[in-house]
Amino acid sequence: MSEFTMDLSEEQKEIREWLHGFSADVIRPAAAEWDEREETPWPVIQEAAKLGIYSLDFYAQQYFAPNGLGIPMIMEELFWGDAGIALSIVGTGLAAVGVVANGTEEQIGTWIPQMYGDASEVKVAAFCSSEPDAGSDVGSMRTRAVYDEAKDEWVLNGTKTWATNGGIANVHVVVASVDPELGTKGHASFIVPPRTPGLSQGQKFQKHGIRASHTAEVVLEDVRVPGSCLLGGKDKLDERLARAREKAKKGGERVKNAAMATFEASRPAVGAMAVGTARAAYEVALDYAKTREQFGRPIIDNQGIAFQLADMRTQIDAARLLVWRASWMAASGQAFTAAEGSQSKLFASEVSKKVTAQAIQILGGNGYTREYPVERMHRDSAIYTIFEGTSEIQRLVIARTLAGVPIR
Numbered sequence: 280m281s282e283f284t285m286d287l288s289e290e291q292k293e294i295r296e297w298l299h300g301f302s303a304d305v306i307r308p309a310a311a312e313w314d315e316r317e318e319t320p321w322p323v324i325q326e327a328a329k330l331g332i333y334s335l336d337f338y339a340q341q342y343f344a345p346n347g348l349g350i351p352m353i354m355e356e357l358f359w360g361d362a363g364i365a366l367s368i369v370g371t372g373l374a375a376v377g378v379v380a381n382g383t384e385e386q387i388g389t390w391i392p393q394m395y396g397d398a399s400e401v402k403v404a405a406f407c408s409s410e411p412d413a414g415s416d417v418g419s420m421r422t423r424a425v426y427d428e429a430k431d432e433w434v435l436n437g438t439k440t441w442a443t444n445g446g447i448a449n450v451h452v453v454v455a456s457v458d459p460e461l462g463t464k465g466h467a468s469f470i471v472p473p474r475t476p477g478l479s480q481g482q483k484f485q486k487h488g489i490r491a492s493h494t495a496e497v498v499l500e501d502v503r504v505p506g507s508c509l510l511g512g513k514d515k516l517d518e519r520l521a522r523a524r525e526k527a528k529k530g531g532e533r534v535k536n537a538a539m540a541t542f543e544a545s546r547p548a549v550g551a552m553a554v555g556t557a558r559a560a561y562e563v564a565l566d567y568a569k570t571r572e573q574f575g576r577p578i579i580d581n582q583g584i585a586f587q588l589a590d591m592r593t594q595i596d597a598a599r600l601l602v603w604r605a606s607w608m609a610a611s612g613q614a615f616t617a618a619e620g621s622q623s624k625l626f627a628s629e630v631s632k633k634v635t636a637q638a639i640q641i642l643g644g645n646g647y648t649r650e651y652p653v654e655r656m657h658r659d660s661a662i663y664t665i666f667e668g669t670s671e672i673q674r675l676v677i678a679r680t681l682a683g684v685p686i687r
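The opening position of the sequence shown corresponds to residue 280 in the numbering used here, with each subsequent residue numbered one higher.
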């Protein structure tokens, strides 16, 4: 187990500077345009692919860093550039992680390259889990997967919502119920290959923020996929379902929800995204306060402004520390005995909303216009308290963990 440290390795420091330059030189100049267009910024993703930023290998190298700080460092720098474009760059990773976590070596080798494409023809992937009636309540999932033994195919039916890259993805990873009576333990994940009949894009959402990231419904109507597209394979699924049914028969035995544990481990990355957006807004407000003069002096000389900036900086640093602690704990195999992953996500997301609102207030009327980026940052920050579990869900997870009550 590595000791906790706030120092990045020399390699991580170099990567951070490199990413900061990419965000400053490539992402930020394009941010306002793609926010207005509300379209996937393919040229920016392609540029990221050319530099090696848009690839699973890049994130995998940092994911396995002993100090656990590689992924939060990447997320903070990219989202410092712009949340919408950054989510377009990292969104494919949601599907890729689903395959790496649950798939066989053959499935990983087959599908991951098709998710990213290459620098000459970039592609994206979509992870489809949420549903119109099953967002935070994953146990209410209605999408069904039925096995056709005669053809060795799975037949998928249902509607997914809030899917990043949904409908435009080359590869979709779909979570479906194979045994509704088992609740979340009866879920499985499937690859839907490119151009599979029956999969279509439903409503594309016109969003308040992160507009450069494509979000849409995915409709599955008698979608047939080969048996080989069940992540992990049928033997592994049958064994898992048998264990779950046996435990259900015994009655009263509660088993930790693996999906919840996965979310808990991934939430610090979302916290790092929120830190990046908050830091960006704070820096704009700080620079503005130093140069904007009222009554013959810079407005930072006024305590009302200076104290706000002091609080903003303190809250951002505290949020980063919570994110880094949880990331280090996950990397070193320590249990989240107080829901530290949810703590980091909850605090950082709330800080991001507050700091970006304060930035608008410091800029006054200018902050409310699109001439300055803080209004976009404030719109973008709203998503952090919603996706990967709302703030209310985070508080529920933390409270149940402290009380020793199982999270279902």
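Think of the CB as a built atom: it goes at the ideal place given N, C-alpha and C, for glycine as much as any other residue.
- Residue 401 is bridged by DSSP to 396.
- Under the criterion of beta carbons closer than 8 angstroms, residue 434 and residue 503 qualify as touching, at roughly 6 angstroms.
- Around the beta carbon of residue 518, fewer than 16 other beta carbons lie within 10 angstroms, which makes this residue exposed.
- Here residue 484 carries a coil assignment [DSSP, helix/strand/coil].
- A distance below 7 angstroms between beta-carbons, with the five flanking residues on each side excluded, links residue 506 to the following residues of its chain, in chain order: 431, 432, 433 and 513.
- When DSSP states are grouped into helix, strand and coil, residue 645 belongs to the helix group.
- For residue 470 against residue 497, the beta-carbon gap comes to about 14 angstroms, at or over 8 angstroms, which does not count as contact.
- With fewer than 16 neighbouring CB atoms inside 10 Å of its own CB, residue 582 falls in the exposed class.
- By the beta-carbon neighbour count (other beta carbons within 10 angstroms, threshold 16), residue 460 is exposed.
- For a cut-off of 8 angstroms, the C-beta gap from residue 546 to residue 660 is around 16 angstroms, too long to register as a contact.
- In this structure, residue 326 lies away from residue 555, with their beta-carbon atoms at least 8 angstroms apart.
- In the structure shown, residue 675 falls within a helical segment according to DSSP collapsed to helix, strand and coil.
- Taking each of 441, 559 and 457 in turn and checking the Cα distance to residue 495, the smallest one comes out for 441.
- The Cβ atoms of residue 357 and residue 419 do not sit closer than 8 angstroms to each other.
- Per DSSP, residue 684 lies in no beta strand (DSSP E) and is assigned neither H nor E.
- Collapsing the DSSP output to three states places residue 547 in a helix.
- Between residue 492 and the set 527, 443 and 454, the nearest pair of CA atoms involves 443.
- Fewer than three Cβ pairs drawn from the stretch 344 to 354 and the stretch 394 to 410 lie within less than 8 angstroms of each other, which leaves the two stretches out of contact.
- The alpha-carbon separation between residue 482 and residue 499 amounts to approximately 13 angstroms.
- Taken through DSSP and simplified to helix, strand or coil, residue 652 comes out as coil.
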